[in-house]
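Residue numbers (this note's numbering): 39 to 445.
Data first, discussion second: the structure below is written as structure tokens.
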């Protein structure tokens, strides 16, 4: 460790001192020893007098190793990185039938990332939340092994040590959690795992099912949106309880979700036991929480997305029927045509909005807010409702007839 590194560590701890103050003390120390001391030695003596702990000369030979330089088989290594993900603790049964625990973190520096594996007596640091997402940790006396997926893992055994938020590190030298967030519009099957932040656009009730072994399971679906697109979150079992009560407009951060293809070729994010759910506090996105947009003309609806608002006339008698969704839920859906002076489009109202359609007749003018455009039969664009969609009757045919008679 050279003079500049020692100086930086002193300044990190003794923020009451300026760089000039510390340099002055170091040069005074050298002068008092008639310049027989090397700069580094004088700096270490000053650090000791100021109550700043500096790694020993022996430790300096065990310098921190960048993630990109780690190879399987290395022992007694020191790595510093930011905690990007804290995976749920898992239990297992040892050969002697006793129970053990293992916890994993995703650790990253500017050169890369890898899993840190904690065993047994180190687990309380995770379970007590002493180690949290976003913190910087220094891992000492660890060893590197190849995981079952072929990726390198850093293991902290009995002799290992873990320093949380070490005072000698500079926060800006390490990547931020936001560097690992994917935009919803950029998700692909090739990525396999996704980390996203978004606003809840639609909430569905949780449902229960039986696993093949007879045990009960839970599943819940949400629609999540950011400024690049939207996707379905499929939350499973314990993660359903962890999610708790959520509503439209809430912001979620999902880490390590599994990207899966849907039957219609779209993508879903599955939140399973290795994923992490967080309901961030404060403004986590640059997205405006806007329940709708300016009213569109039908001819302006040219691509999938939304939310959109339209004001148009019911152009065909609504057909209301009961259907079974992919989640085995029986719901009402109403379908009819909407038309304005620029064109015509098919409209589908679901669940409680479908009840409204029973009161609509041809010629009724309605204002639909927060509807979404998607491609339906024959690859034609149509409008569909969500839980946030509202339907307002602007005028009825009989009202128009009465006006005409008065004229």
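For every residue, glycine included, the Cβ atom is placed at its ideal position computed from N, Cα and C.
- Put simply, the backbone Cα of residue 336 is about 30 Å away from that of residue 368.
- Each of 374, 313, 385 was checked against the Cα of residue 125, and the nearest Cα belongs to 313.
- Between residue 271 and residue 225, the C-beta spacing is not below 8 Å.
- Taking 8 Å as the upper bound for CB-CB distance, residue 424 and residue 201 are not in contact here, some 48 Å apart.
- In the three-state DSSP reduction, residue 233 falls in the strand class (E or B).
- Residue nearest to residue 432 within the set 416, 237, 45, 348 is 348 (criterion: CA-CA distance).
- Here the alpha carbons of residue 419 and residue 376 stand approximately 12 Å from one another.
- In this structure, the CA atom of residue 138 is about 41 Å from the CA atom of residue 46.
- When only Cα atoms are considered, residue 210 and residue 174 end up about 11 Å apart.
- Annotation: residue 293 to residue 302 spans about 25 Å, alpha carbon to alpha carbon.
- By the C-beta density criterion, residue 402 is buried, having at least 16 other C-beta atoms within 10 angstroms.
- The alpha-carbon of residue 264 is positioned some 10 Å away from that of residue 220.
- Residue 251 has its alpha-carbon roughly 44 Å from the corresponding atom of residue 203.
- Ranked by how close their Cα comes to the Cα of residue 180, the residues 286, 109, 276, 309 have 109 in first place.
- Inter-residue distance for residue 290 and residue 310 is about 15 Å (C-alpha atoms, whole angstroms).
- Annotated as proximal: residue 52 and residue 90, with beta-carbon spacing under 8 Å.
- Shown here, residue 238 sits in a strand according to DSSP, grouped into three states.
- With a minimum length of 3 residues, the unbroken runs of beta strand (DSSP E) contained wholly in the stretch 276-303 fall at 289-299.
- When 394, 352, 257 are compared, the shortest CA-CA separation from residue 435 is found for 352.
- If you ignore the 5 residues before and after residue 406, its C-beta comes within less than 6 Å of the C-beta of 348, 429, all in its own chain and listed in chain order.
- For the beta strand (DSSP E) assignment, the uninterrupted runs of no fewer than 3 residues enclosed by the stretch 241-272 are, from N- to C-terminal side, 245-248, 254-264.
- Listed in chain order, the alpha helix (DSSP H) runs fully inside the stretch 343-430 are 390-395, counting runs of at least 4 residues.
- Selection 317, 44, 191 evaluated against residue 105 yields 191 as nearest (Cα-Cα).
- Excluding its 5 nearest sequence neighbours in each direction, residue 249 has C-beta neighbours in its own chain below 7 Å: 255, listed in chain order.
- For residue 215, the secondary structure class from DSSP, reduced to helix, strand or coil, is helix.
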